[in-house]
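Enquirer:
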Amino acid sequence: MRLLLALAAGLATKAQPQAPLQGITTNGPLVHRQTFDYIVVGGGLAGLTVANRLSELNATVLVIEAGNDDRKDERVYDITKYGAAFSSDLDWHWPTADGKAIMGGKTLGGSSSINGATWTRAGREAYDALPRFHGGIQGEGRWAWDSMSAYMRKSEAFRPPEAWQVAAGAGYNPSFHGGNGPVQTRFSAGMYRGGHQAAFVQVMSGAGVQHISDGAGGVGAGVGWHASSLDSGNWRSSSATAYWTPVEGRSNIAVLVGHVTTKIETEAGTTVRAKGVSFSGPSGNGTAYAGADVILAAGAIMSPHLLQVSGIGGATELKAAGIAPVLDLPGVGRNLQEQTMSTIAAPRVAGYNVNGTGPSNMIAYPNASALFGNATAFNQGVAANLSSFAEAAFKAGAAVSAEGALAALQIQANVIKRGAAVAELFLDGGWPNGGLGINMWTLLPFSRGRVVSPSSSAVYPRIEPNFFSAVADMQIQAAGVRLARFAFASAPLCDFVGSETMPGPQVGGDDEALVPWIQYNFGTVSHPLGTCAMMRREWGGVVDSNLTVYGTSNLRVVDASVLPMQVSAHLAATLYGVAENAADIIKDAFVARRTGLAVDVTSSACRRARTLFW
Ligand SMILES: Cc1cc2nc3c(=O)[nH]c(=O)nc-3n(C[C@H](O)[C@H](O)[C@H](O)COP(=O)(O)OP(=O)(O)OC[C@H]3O[C@@H](n4cnc5c(N)ncnc54)[C@H](O)[C@@H]3O)c2cc1C
Ligand SMILES: *[C@@H]1O[C@H](CO)[C@@H](O)[C@H](O)[C@H]1NC(C)=O
Ligand SMILES: *[C@@H]1O[C@H](CO)[C@@H](O)[C@H](O)[C@H]1NC(C)=O
Ligand SMILES: *[C@@H]1O[C@H](CO)[C@@H](O)[C@H](O)[C@H]1NC(C)=O
Ligand SMILES: *[C@@H]1O[C@H](CO)[C@@H](O)[C@H](O)[C@H]1NC(C)=O
Ligand SMILES: *[C@@H]1O[C@H](CO)[C@@H](O)[C@H](O)[C@H]1NC(C)=O
Ligand SMILES: *[C@@H]1O[C@H](CO)[C@@H](O)[C@H](O)[C@H]1NC(C)=O
Ligand SMILES: *[C@@H]1O[C@H](CO)[C@@H](O)[C@H](O)[C@H]1NC(C)=O
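Taken in order, the sequence shown gives residues -17 to -1, 1 to 597; the numbers are from mature numbering (1 follows the signal peptide of the UniProt record, and there is no 0).
#1: Who's in the neighbourhood of ligand 4, going by beta-carbon under 6 Å from any heavy atom, listed in chain order?
#2: What's the gap between the Cα of A256 and the Cα of A275?
#3: Drop a sphere of 10 angstroms on the beta-carbon of T578, count the other beta-carbons inside from all chains shown, and report buried for 16 or more, exposed for fewer.
#4: So L354 is in the alpha helix (DSSP H); what residue range does that whole segment cover?
#5: For N163, collect the residues of the same chain with a Cβ closer than 8 Å to its Cβ; drop the 5 residues on either side in sequence, then sort them by chain order.
#6: According to DSSP, which residues form a beta bridge with P78?
#7: Go through the residues and name those whose CB comes closer than 6 Å to any heavy atom of ligand 7, in chain order.
#8: Can you list, in chain order, the residues of its chain with a C-beta nearer than 7 Å to that of L369? Leave out the 5 residues immediately preceding and following it.
#9: Where does K400 fall in DSSP's three states?
#10: For A(-10) and L37, I'd like the C-alpha separation in whole angstroms.
#11: Any idea if D493 is buried or exposed, counting beta-carbon neighbours within 10 angstroms, 16 or more meaning buried?
#12: When the Cα atoms are used, what is the spatial distance from I284 to G334?
#13: Distance, Cα to Cα, G178 vs V337?
#14: Going along the chain, which residues put their C-beta within less than 7 Å of some heavy atom in ligand 8?
#15: What does Y272 pair with, by DSSP beta-bridge criteria?
#16: Give me the Cα-Cα distance between V149 and I501, rounded to the nearest whole angstrom.
#17: Along the chain, where does the beta strand (DSSP E) containing residue 613 start, and where does it finish?
#18: Beta-carbon within less than 8 Å of T326's beta-carbon, same chain only, minus the 5 sequence neighbours each way: which residues are those?
#19: Would you decide whether K55 is buried or exposed? Buried here means 16 or more other CB atoms lie within 10 Å of its CB.
#20: Identify, in the order they occur along the chain, each residue of the same chain with its Cβ nearer than 8 Å to the Cβ of N537, setting aside the five sequence neighbours on each side.
#21: Is there a Cβ from chain D that is less than 7 Å from the Cβ of T32?
#22: What residues are listed by DSSP as bridge partners for T8?
#23: N344: buried (16+ other C-beta within 10 angstroms of its C-beta) or exposed?
#24: Exposed or buried, what is I195 when buried is set at 16 or more other beta-carbons lying within 10 Å of its beta-carbon?
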């Protein structure tokens, strides 16, 4: 035994990587042909979270990020400049097949560096349903609420509101929040105190949406003030500042910025092994190798695209695009779920001062009972039409089979029955046009879309969201618009605004008038997910509950792509929880592998170890 251990130590010594790379680099040739234990593709929200945690191991980590390090760019750090990054060099701005666009951060920190900093969690019913997608038990296991809420708290350092913020409405329950995590969360220094937010709460309560003082504890449906991801200086707290800045001095982790990963290099076998990745950028092209895992964190649009251009996807679609299939995995890119936004606006009455600046934090999250007055008819309609939604998804190429789509949609319908919020009404102060606005979107759409790569060299995939292909989505959207219009027209909120200007009085309240207005004017929310779903393979899933791509030994996905269904919240808080959870799974596997190395030098575990380190 002692000999075996000594041999193992000998093996491990040779495993030392070459020239230690650390910090941020723009130098592709430096990375070219180097081997790292882990390669993380995409230095966004999930990528930097996972990379940070893996660097706690005795392991080397390389992150490759397409964008640059823009932490010192005011469009990134100054949350009052929210929107300045849109359509700029910091935004991928993927066009969709239906003429819209989906935004995403192309910069260190990814979308967490350009997002609105709203910090919200869904209700426990959403997380408790996640295990059912991969064959687990409702409410059990590491993806259900108890475990996910612990991971979400792990990522968070919440600072309670000051007295004036409590007076302005901020409520909190300390047991719902983490105190020592990397992401700084608090109520904004510019919290709005003019009175319109409290009036909105009153109107919503009257409409059956109860006031919740803190929505982070498992009951998300309600109306109230929500915190933001901001640090003590009221600057943005992103994955770049929270998970990269503190570890950038570590000697075992580096980020290659300004370089796009173009391909996952694979080795065929009974299971496919990811050898490494190729990248391309201003400093040249290159390939880096992974001793342990290749971890995709390029987001819900680019992770499935990268899999497809690398030959991992539906063989039929791949061949049609001239891509040689490596692994037939038809779920890749399907099951896309993006949300639809309508904006309702009214001017401020003369002299009204919103008395605040920066991100608004006032959100109403009606569940189906609150939105429709009585959810029975809606739920019955959904149940009656669910198989036609599934059929439509399959016909559109957005599901591998109608049966698979139906199984997933059934879980979602059940989450709605359990009281999950189905719409978001986000109240803005001073926007649009200096007035008040409500951005309203459908949270749990039944429509499914897809991301499909047109060729092996395509930079962008084709994105087909199929918005409103399920009629239930338009029912929710129209009801949400009606609720927003009702809010502006009702006391006491109507004391703060003049007559509605958007859609305006010329647009009637019945479906005949409202639906065409919605169809013509809606925008996207830029919350895409589901395209590499953690779901049973036969339903169209792409990763198992360890986030390993089916049919591969060491290729994982850890970003928004893996959520099989939308959650009733903005996504960041949930995705930090997903990434923290993923990091623990990968760390456990690393430790298990090293342990295996020490006790079993002569077995196949030893041969695996050699391929790991040489
Ligand atoms: C405009 C906007 C506003 C939002 N507002 C909020 C909000 O207020 N609150 C909230 O909770 N959520 C919000 N979100 C959503 C949230 O920020 C995202 O859902 C989340 O960041 C997604 O995390 P991710 O890790 O999946 O992807 P991302 O954070 O987008 O990271 C993906 C990274 O991969 C990189 N990448 C992509 N392709 C490649 C490639 N081929 N090679 C190398 N790198 C690549 C990208 O450049 C990016 O850095 C918003 C999103 C947007 C776009
Ligand atoms: C770290 O790993 C290397 C081999 O990869 C090994 O030589 C070294 O002893 C390890 N250090 C610790 C503290 O475990
Ligand atoms: C570098 O990669 C890009 C994108 O994959 C490709 O178009 C180009 O031909 C490559 N250049 C070289 C020198 O290999
Ligand atoms: C904002 O409200 C606070 C508290 O009511 C008040 O003290 C302050 O003067 C107001 N500021 C402006 C600019 O109206
Ligand atoms: C909702 O509607 C159904 C069917 O019309 C009815 O049976 C039920 O009592 C209603 N529920 C409430 C809470 O009003
Ligand atoms: C179900 O389908 C019928 C017929 O197409 C339609 O009238 C009804 O509105 C649908 N209900 C829902 C909830 O989608
Ligand atoms: C829906 O929300 C209302 C008010 O916010 C709440 O009273 C009700 O219990 C919720 N319904 C379900 C099914 O949870
Ligand atoms: C996930 O990994 C654990 C630990 O290695 C293993 O026991 C489990 O079987 C794996 N689950 C799946 C679905 O492969």
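No residue lacks a Cβ here, since even glycine has one placed at the ideal position from N, Cα and C.
Expert: Inspection of the coordinates gives the following:
#1: R176, N336 and N338
#2: The amino acid occupying residue 256 in the given sequence is Arg; Ala does not appear at that position. Their Cα atoms are separated by approximately 10 Å.
#3: exposed
#4: Taken as a continuous stretch (DSSP letters only), the alpha helix (DSSP H) holding L354 covers A351 to F355.
#5: Sequence-distant partners of N163 (beyond 5 residues in either direction) whose C-beta falls short of 8 Å from its own C-beta, in its chain, are A140.
#6: Per DSSP, A84.
#7: G191, V192, Q193, A204, G205, N350, S352, A353 and G402
#8: Contacts found: L389, L392, Q393 and A396.
#9: helix
#10: Here the model assigns A(-10) a pLDDT of 39, short of 50, so the residue's position is not dependable and the matter cannot be decided.
#11: exposed
#12: 45 Å
#13: 7 Å
#14: D527, S528, N529, T531, I568, D571, A572 and A575
#15: BP columns for Y272 point to T18 and G259.
#16: 37 Å
#17: Residue numbering for the chain in the displayed model covers -17 to 597; residue 613 lies beyond these limits and cannot be assessed.
#18: P415, G420, I421, N422, M423, M485, N504 and G506
#19: exposed
#20: In the same chain as N537, and ignoring 5 residues on each side of it, the C-beta atoms closer than 8 Å to its own belong to R256, A257, A273, A275, D276, V277 and T531, in chain order.
#21: Chain labels in this structure do not include chain D; a single protein chain is all it has.
#22: L239
#23: buried
#24: buried
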